[in-house]
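**Q** Sharing a structure with you now.
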Amino acid sequence: MSATLLSSPLQGFTDFRFRNTFNKYFGGIDTFYAPYIRLDGKMVIKSSYQRDLQPENNTTLELIPQIMTNDADEFLFVVKYIKELGYKELNWNLGCPYPMVTKRGMGSGLICNPGKIDHILNRVHNETDVIVSMKMRMGYENPEEILDTFPILDKYPLKNIAIHARIGKQLYKGGVNLEAFQRCIDNTKHKLYYNGDITSVAKFKEMQNLFPGINHFMIGRGLIADPFLPSMIKNNTIEYPENRWEVFSQFHDTIYEAYDAALSGPTPIKMKMLGFWEYFSQSFSNPQKTYKKIKKASNPKAYIQAVAEILNNEKTINN
50 MSATLLSSPL QGFTDFRFRN TFNKYFGGID TFYAPYIRLD GKMVIKSSYQ RDLQPENNTT
110 LELIPQIMTN DADEFLFVVK YIKELGYKEL NWNLGCPYPM VTKRGMGSGL ICNPGKIDHI
170 LNRVHNETDV IVSMKMRMGY ENPEEILDTF PILDKYPLKN IAIHARIGKQ LYKGGVNLEA
230 FQRCIDNTKH KLYYNGDITS VAKFKEMQNL FPGINHFMIG RGLIADPFLP SMIKNNTIEY
290 PENRWEVFSQ FHDTIYEAYD AALSGPTPIK MKMLGFWEYF SQSFSNPQKT YKKIKKASNP
350 KAYIQAVAEI LNNEKTINN
């Protein structure tokens, strides 16, 4: 059975402009998750979240909204909002590792509080008919934290739990903990999705072999670093298309134009694209040199020239 591939949401990267362009040029992803909605106590959906979830901005792909909260009223408020837009499922983020989130008892900082998780899920399942899925880490401090949540989670009809096989404290450093992921499989009745370090076809196959019962795999940073990866996994190939750099170039130009139109002035677009190149550069023959060249480009004209030179260089190397 072929695996189902999901795009893990990355705040600041995988918004509708990126998703639509990715889907057009590369494909391979079955379902996208939108970056989380966070209310911070104000019952207002920010306009950037609204734009991201508008059905007319997501006509070519399957999208699931996500919430980051530790408050049942906020959760219910967002459920009402997404249902009005026609969405039937809301994913709850208990995975975010960043201290500014976890210190406030959200993201992976909430995993150590099964009582609060229980209270929120209880209200959501009693007061709405929304489908709830989860995105989690193993815990914040240690990988046993998640095991304490399973007796709670098993009480509810969750669609699935996607688990990033790290703890929050690691951020993205160090390896994934595959023994701890296996313990999760052994300790819950829920359907689990695997997430973490799928950066190549070989890495994907390794995870598939290690966890034969898992058929949903979530790709996060690996999808930005190598946008060809999902379709290569789907086609069971390690060969890039012959026109690899032309396709990448068209993809790059399309997102650049979309963000350039949405952001005001040269500094925001520079910062936005620099963020992408931190990942993109990993697929180039000399990642450090590539990233440095982008970083040095001080204005839009210099940036466009730097990108052209980088791509020409790759074509020369690969011919």
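Numbered according to the numbering used here, the sequence shown spans residues 50 to 368.
Cβ coordinates follow ideal geometry from the N, Cα and C atoms, glycine included.
Terminal residues of the continuous beta strand (DSSP E) containing residue 139?
**A** Boundaries of the beta strand (DSSP E) harbouring residue 139: 138-143, taken from the DSSP string.
**Q** For the 8 Å Cβ check, are there 3 or more pairs between the region 320-329 and the region 289-309?
**A** yes
**Q** Would the beta-carbon of residue 271 fall within 8 Å of that of residue 248?
**A** yes
**Q** My assumption, with CB atoms under 8 Å, is that residue 370 sits in contact with residue 170. Please give the rounded CB distance.
**A** Residue 370 falls outside the range modelled here, since the chain spans only 50 to 368, and no answer is possible.
**Q** Can you tell me whether residue 231 is buried or exposed, with buried defined as 16 or more other CB within 10 angstroms of its CB?
**A** exposed
**Q** Would you identify the three-state DSSP class for residue 335, choosing helix, strand or coil?
**A** coil
**Q** Less than 8 Å separating the beta-carbons of residue 268 and residue 325?
**A** no
**Q** Tell me whether residue 187 sits in a helix, a strand or coil according to DSSP, three-state version.
**A** coil
**Q** Does the pairing of the region 300-316 with the region 81-93 give three or more beta-carbon distances under 8 Å?
**A** no
**Q** What runs of the beta strand (DSSP E), each 3 residues or longer, lie entirely inside the region 106-187?
**A** 138-143, 180-186
**Q** Our contact map puts residue 203 next to residue 152 with C-beta atoms below 8 Å; I'd like the distance itself, whole angstroms only.
**A** Contact between residue 203 and residue 152 does not hold, since the beta-carbon distance rounds to 29 Å and is not under 8 Å.
**Q** Which same chain residues end up closer than 6 Å to residue 205 when comparing Cβ atoms and leaving out the 5 residues on each side of it in sequence?
**A** 170, 174
**Q** Of all the options 118, 134, 362, 99, which has the alpha carbon lying nearest to the alpha carbon of residue 335?
**A** 362
**Q** How is the alpha helix (DSSP H) around residue 301 delimited, first residue to last?
**A** Its alpha helix (DSSP H) spans residues 293-311.
**Q** Do we get a CB-CB distance below 8 Å when we pair residue 300 with the residues of chain D?
**A** In the displayed structure, chain D is absent; only one protein chain is listed.
**Q** Can you tell me which of 359, 189, 114 puts its alpha carbon nearest to the alpha carbon of residue 150?
**A** 189
**Q** DSSP three-state label for residue 62, please.
**A** coil
**Q** Can you tell which of 278, 337, 243 has its C-alpha closest to the C-alpha of residue 261?
**A** It is 243.
**Q** The ligand PLP and residue 131: does any heavy atom of the ligand fall closer than 7 Å to the residue's C-beta?
**A** With respect to the ligand PLP, the structure offers nothing, as it holds no ligand at all.
**Q** Within this structure, are the beta carbons of residue 285 and residue 240 separated by less than 8 Å?
**A** no
**Q** Going along the chain, which unbroken runs of the alpha helix (DSSP H) with 4 or more residues stay wholly within the region 63-107?
**A** Listed in chain order, the complete alpha helix (DSSP H) runs (minimum 4 residues) inside the region 63-107 are 65-74, 96-102.
**Q** Does the distance from the C-beta atom of residue 158 to that of residue 117 stay below 8 Å?
**A** no
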